[in-house]
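Single-structure report; data block below.
Numbering (our numbering), first residue to last: 1 to 179.
Right, dumping it as structure tokens:
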């Protein structure tokens, strides 16, 4: 019986330790993109390498009163790499927004007309933009959804298409992240 209990504790201890780990706020985007500490990972992070990422964001989620979690992923990307001591100058991030996610980059007045509230994504997208993140809206999606440059948040750039922006960024050695 003692051996069985000891065996169970031996197996469960790492699970209990990791399941109780608390997330923490980041140093780059402080109110978003919470991360977890990873102590001594086997696959080491190259701190001198440029880490260029383009997030392909083509969908939104049902609750228009919450931020699009795909935008939050970009904040987490910045925060976890800063925590791993990658210099901010080595982190290059772009968001390419299309499809139903286009509504998530509407300015507050247009978002309020559509959903009856201010855009919950505005503070996060503003914080990302202030740290150099490019926010690019597909021009084809914008035209299809009747979204003008004035309807979008001021930090949003409109491209010919999401496909064009994704190809150009990948030609500049950004790596595609698509969830």
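A virtual CB, placed ideally from N, CA and C, is assigned to each residue, including glycine.
So, residue i versus residue j, is the Cβ gap smaller than 8 Å?
| i | j | result |
| --- | --- | --- |
| residue 177 | residue 54 | yes |
| residue 125 | residue 72 | no |
| residue 147 | residue 79 | no |
| residue 166 | residue 96 | yes |
| residue 68 | residue 108 | no |
| residue 52 | residue 173 | yes |
| residue 120 | residue 66 | yes |
Straight-line CA distance for residue i to residue j?
| i | j | result |
| --- | --- | --- |
| residue 77 | residue 70 | 11 Å |
| residue 81 | residue 94 | 15 Å |
| residue 130 | residue 40 | 31 Å |
| residue 142 | residue 90 | 31 Å |
| residue 112 | residue 106 | 9 Å |
| residue 50 | residue 100 | 31 Å |
| residue 122 | residue 85 | 28 Å |
| residue 149 | residue 75 | 24 Å |
For residue i, does the count of other Cβ atoms within 10 angstroms reach 16, so buried, or fall short, so exposed?
| i | result |
| --- | --- |
| residue 26 | buried |
| residue 132 | exposed |
| residue 60 | buried |
Output yes if chain B places a C-beta closer than 8 Å to the C-beta of residue i; else output no.
| i | result |
| --- | --- |
| residue 156 | Note that chain B does not occur in the displayed structure, where there is just one protein chain. |
Legend entry - Inter-stretch contact at 8 Å, needing at least 3 Cβ pairs: the stretch 32-41 / the stretch 153-164: no
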